[in-house]
Ligand code: AHR
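Residue numbers (full-length UniProt numbering): 1 to 326.
What follows is the structure, given as structure tokens:
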């Protein structure tokens with residue numbers, strides 16, 4: 001079993017390294033043959049526009065920093081991420097970074113990396129390991145805060161009105177940090193307003209197609225939907241298709257709040273089909289490379305590095321779109 005997983009990891013590494021033009025899958029020992037820092041990065045997958053932008057940024061910043069990047073795409077599967085990390089350990093990379101698909105189940109592989117003396121950096125998503133010595137730092141957003149920002153907007157939008165507000169929630173990948181925390185933050189923000197009720201909640205796995213399918217089901221089962229809260233733009237965009245197909249106007253008949261602020265989401269916001277977007281920045285590459293350099297050099301780094309983020313109304317989206325990089 002272990003041999004099979006290892007073989008899959010090495011195959012994945014070779015394929016993606018060739019694609020990214022970032023070096024081969026041969027065992028280089030500590031540091032690349034050419035003295036470059038070797039960074040093994042295990043990505044969640046390619047489930048959303050956010051993820052694509054995050055991957056591009058990490059590849060570009062690794063090249064700019066002069067690192068050798070061994071990039072592996074897990075296709076949304078934790079077992080593939082674990083196999084990729086084990087592959088990085090076998091190859092004796094200098095630093096391992098990864099964005100965990102889900103929060104739990106990482107202790108064993110993180111312990112293997114620690115025993116091999118390879119520092120690990122968490123990017124974008126957290127793990128629930130109690131032993132924080134298993135990784136050096138966690139770089140990414142505060143997802144609870146993102147959920148709160150979404151909920152606070154909604155509370156303000158209905159301020160002074162006591163009529164019932166029926167909310168449906170399209171959640172991210174089950175068990176992932178952003179799905180858990182965005183749900184939590186939103187629930188906290190609306191809890192003092194009993195007229196605002198989450199009448200349906202289901203995962204759309206952060207994917208556009210799933211967002212559409214689940215929204216179709218919501219529309220069939222729940223006649224009076226006032227608001228959609230989607231944990232990312234992609235699911236919100238899929239839901240917009242379902243809402244329009246049902247003869248309703250997104251942004252008017254059903255108000256929509258999403259998270260991310262990728263170009264497609266911002267375009268829909270500027271067009272009035274989404275009402276509010278909470279930003280989650282995928283541009284983590286530069287900070288990741290700086291942290292990798294430091295942990296490799298044995299320097300202290302903060303346990304938590306937060307990403308700076310904002311929110312967008314339709315007017316702000318119109319102003320920001322011409323310069324939006326992703
Ligand atoms: O972990 C970040 C989340 O993952 C983004 O909000 C979502 O779009 C992505 O798939």
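Cβ atoms here follow ideal geometry from the backbone N, Cα and C, with glycine treated the same way.
Residue burial is scored here from C-beta neighbours: residue 249 has fewer than 16 other C-beta atoms within 10 angstroms and is therefore classed as exposed. Looking at the DSSP output, residue 121 bridges to 97 and 137. Inter-residue distance for residue 212 and residue 104 is about 28 angstroms (C-alpha atoms, whole angstroms). At least one heavy atom of the ligand AHR lies less than 8 angstroms from the C-beta of residue 47. For the pair of segments examined, the segment 119–137 was found not to touch the segment 196–203: the number of CB pairs separated by less than 8 angstroms stays below three.
Per DSSP, residue 203 is one residue of the beta strand (DSSP E) stretching across 196–203. In this structure, residue 206 has its beta carbon less than 8 angstroms from a heavy atom of the ligand AHR. In this structure, the ligand AHR has a non-hydrogen atom nearer than 8 angstroms to the beta-carbon of residue 178. DSSP places residue 295 in the helix class (H, G or I) of the three-state scheme. Residue 121 places its beta carbon less than 9 angstroms from that of residue 95. Annotation: the continuous beta strand (DSSP E) that includes residue 304 extends over 304–306.
In the DSSP assignment, residue 263 falls within the unbroken alpha helix (DSSP H) covering 263–270.
Note: residue 90 is not bridge-paired with any residue in the DSSP secondary-structure output. One Cα belongs to residue 207, the other to residue 162, and the distance between them is close to 34 angstroms.
Looking at 85, 240 and 283, the one whose alpha-carbon comes closest to that of residue 170 is 240.
When DSSP assignments are scanned along the segment 219–264, the uninterrupted stretches of alpha helix (DSSP H) that are 4 or more residues long and fall wholly within it turn out to be 233–245. Straight across, the Cα-Cα distance linking residue 286 with residue 166 is about 41 angstroms. With contacts defined by Cβ atoms closer than 9 angstroms, residue 189 and residue 149 form a contacting pair. Our two residues, residue 147 and residue 202, have alpha carbons roughly 16 angstroms apart in a direct line. Scanning its chain for C-beta atoms nearer than 7 angstroms, with the 5 sequence neighbours on each side dropped, one finds around residue 66 the residues 36, in chain order. Residue range 143–157 is occupied by the alpha helix (DSSP H) that includes residue 148. For residue 54, the three-state secondary structure derived from DSSP is helix. Counting the other CB atoms within 10 Å of its CB gives residue 64 a total below 16, which places it among the exposed residues. Using a C-beta cut-off of 8 angstroms, the segment 251–266 makes contact with the segment 221–233, since at least three inter-stretch Cβ pairs fall below that distance. When C-alpha distances from residue 320 are compared across 32, 284, 262 and 43, the shortest belongs to 262.
Straight-line measurement puts the Cα of residue 90 at about 11 angstroms from the Cα of residue 118. When DSSP states are grouped into helix, strand and coil, residue 109 belongs to the helix group. Beta-bridge analysis with DSSP links residue 73 to 43. Around the beta-carbon of residue 154, 16 or more other beta-carbon atoms lie within 10 Å, marking it buried. Membership of residue 171 in the beta strand (DSSP E) is indicated by the continuous run 165–171.
Within the same chain, Cβ atoms closer than 8 angstroms to the Cβ of residue 107 are found at 129, 131 and 134, the five residues on either side in sequence being excluded. Distances from the CA of residue 309 to each of 275, 252, 225 and 284 were compared; the closest alpha carbon is that of 284.
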